[in-house]
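Each remark here refers to the structure printed beneath this line.
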């Protein structure tokens with residue numbers, strides 16, 4: 003019996019000493035994504051491109067579909083150019099999102115997000131466009147500990 007308890011104690015000691023660092027829980031990852039979305043919202047409302055590279059993955063696979071654009075915008079460069087062109091046309095922009103639904107992959111390197119949003123654009127010529135509700139889906143990837151957009155798709159109900 004003494005040998006059995008010695009074996010259990012030794013096995014427990016070996017298992018706990020070899021244990022690798024515990025990966026962050028899914029809830030921690032979801033909170034990081036919520037923070038990213040909040041930061042993204044503030045970035046869009048600022049109408050500045052100063053930190054654009056903090057939000058989008060620099061890839062030809064990146065894509066953006068928005069209601070005010072007829073075709074998808076693909077590649078990091080084209081998305082940056084699209085935002086640069088559009089922001090210069092806006093007098094103001096109000097963008098808000100509501101309670102995202104977030105799914106984190108088992109590897110904790112991919113997040114799929116679905117959320118509702120509202121976008122109000124006032125153009126420099128005084129024209130106002132108000133999109134609400136916008137149904138949005140996004141694919142985020144985590145590189146170097148940071149979440150970034152790979153795909154963003156916004157759609158509205160046809161009227």
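In our numbering, the protein residues as written are 3 to 161. Beta carbons: idealized from backbone N, C-alpha and C, even for Gly.
Would you grab the beta carbon distance between residue i and residue j for me? Rounded to a whole angstrom, and I think it's under 8 Å.
| i | j | result |
| --- | --- | --- |
| residue 77 | residue 62 | 5 Å |
| residue 149 | residue 113 | 7 Å |
Hey, out of the options, whose CA is closest to residue i's CA?
| i | options | result |
| --- | --- | --- |
| residue 85 | 116, 104, 47 | 47 |
| residue 145 | 81, 91, 117, 55 | 55 |
| residue 70 | 143, 33, 136 | 136 |
| residue 99 | 153, 138, 32, 157 | 138 |
| residue 128 | 143, 117, 158, 91 | 91 |
| residue 123 | 68, 75, 104 | 68 |
| residue 36 | 134, 104, 141, 88 | 104 |
| residue 39 | 158, 75, 141, 72 | 141 |
| residue 81 | 72, 58, 96 | 58 |
| residue 111 | 88, 152, 101 | 152 |
| residue 102 | 60, 28, 33 | 33 |
| residue 154 | 75, 89, 53 | 75 |
| residue 134 | 89, 159, 143, 125 | 159 |
| residue 27 | 143, 60, 108, 44 | 108 |
Can you tell me whether DSSP reads residue i as helix, strand or coil?
| i | result |
| --- | --- |
| residue 70 | coil |
| residue 12 | With a pLDDT of 47 at residue 12, under the threshold of 50, the modelled position of that residue is not reliable, and the figure given next carries that caveat. Three-state result, residue 12: helix. |
| residue 40 | helix |
| residue 86 | helix |
| residue 150 | strand |
| residue 48 | helix |
| residue 156 | strand |
Residue i: buried (16+ other C-beta within 10 angstroms of its C-beta) or exposed?
| i | result |
| --- | --- |
| residue 121 | buried |
| residue 131 | exposed |
| residue 94 | exposed |
| residue 65 | buried |
| residue 115 | buried |
| residue 87 | exposed |
| residue 156 | buried |
| residue 147 | exposed |
| residue 31 | buried |
Ranges of the beta strand (DSSP E) found wholly within the region 75–148, counting only runs of at least 3: 92–106, 112–125, 130–145
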